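A.B. asks:
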Amino acid sequence: EMGIETREPDRESSVLLAWMAAERLFSADLVPKVLEAMAQLGIPMEEAVVGLAGVSDEEIARRYATHFHVPMTTAGQAPDPAGNLARVLPEAFCREQLMVPLSRTRTGLLVALVNPSRIWLHAQITLVTGLELKLRVAPLSRVMGWIEDLHATRQDGGL
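Start counting the sequence shown at 113; every next residue gets the next number (my numbering).
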């Protein structure tokens, strides 16, 4: 357990849904359906939008990157297999927060995440781990695949 409070309400979700509807990424009448799917199925907003509106997770990632001024991951980026990164952020935490460490930097970690709006979470990770985070936005499917790859290749059987 990392000692990080992760239950902070994601106040950005409804704002971002409204923003995406205003940008005609999908119609405004889908917003309540997306929120309902999130609540009933326990899925992230991005998964609900992909499923209900047919918007690609790549497009959502591009919109997040533009809106929050956070760079996208590049085509060749993936978690560094030599970085012992599976020990840094636990798998359950990565899945819950939709983030994955990609590599170590001089002062911390390069982290890919789906939604860069959770500034409070990034600050808590830095406080608890002492690692500064450099953020990159990535599509949901890529982040989930990287989490799977990173934690499936662990040789030590877990934390």
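We treat Cβ as the ideally placed atom computed from N, Cα and C, and that holds for glycine. Predicted model, so just to flag it, every value in this text is computed and none were measured.
(1) Could you tell me the distance, in whole angstroms, from the CA atom of Pro-156 to the CA atom of Leu-164?
(2) By Cβ distance below 6 Å, which residues in the same chain neighbour Thr-185 in space, the five residues on each side in sequence not counted?
(3) Given 8 Å as the limit, is there contact between the region 199 to 212 and the region 169 to 185, that is, 3 or more CB pairs closer than that?
(4) Give the range of the alpha helix (DSSP H) segment to which Ala-177 is assigned.
(5) Which of the three DSSP states is assigned to Pro-213 in this structure?
(6) Count the other C-beta atoms from every protein chain shown that fall within 10 angstroms of the C-beta of Val-240, then say buried if there are 16 or more, exposed otherwise.
(7) Helix, strand or coil for Arg-199? Go by DSSP, reduced to three states.
(8) Would you mind reading off the limits of the beta strand (DSSP E) that contains Leu-239?
(9) The ligand GDP and Ala-194: does any heavy atom of the ligand fall closer than 7 Å to the residue's C-beta?
(10) Give me, in chain order, the residues of the same chain whose beta-carbon lies closer than 6 Å to that of Val-200; leave out the 5 immediate sequence neighbours on both sides.
(11) Decide if Ile-231 is buried, meaning its Cβ has at least 16 other Cβ atoms within 10 Å, or exposed.
(12) Here's the rule I'm using: 16 or more other beta-carbon atoms within 10 Å means buried, otherwise exposed. How should Leu-128 be labelled?
C.D. replies: Result, derived from the coordinates:
(1) Taking the straight line from one Cα to the other gives about 12 Å.
(2) If we look at Thr-185 and ignore the five residues flanking it on each side, its Cβ neighbours are Ala-224, Arg-248 and Ala-250.
(3) For the pair of segments examined, the region 199 to 212 was found not to touch the region 169 to 185: the number of CB pairs separated by less than 8 Å stays below three.
(4) According to the DSSP assignment, Ala-177 belongs to the alpha helix (DSSP H) that extends over 169 to 180.
(5) Judged by DSSP in its simplified three-state form, Pro-213 adopts strand.
(6) With fewer than 16 other Cβ atoms within 10 Å, it is exposed.
(7) The three-state reading of DSSP puts Arg-199 in helix, counting H, G and I together.
(8) Leu-239 -> not in any beta strand (DSSP E); alpha helix (DSSP H) instead, spanning 231 to 241.
(9) Of the ligands one can find in the structure shown there are none, so the ligand GDP has no counterpart to examine.
(10) Listed in chain order, the non-local C-beta contacts of Val-200 below 6 Å within the same chain comprise Pro-213, local neighbours out to five positions each way being set aside.
(11) Ile-231 comes out exposed.
(12) By the 10 Å Cβ count, Leu-128 comes out buried.
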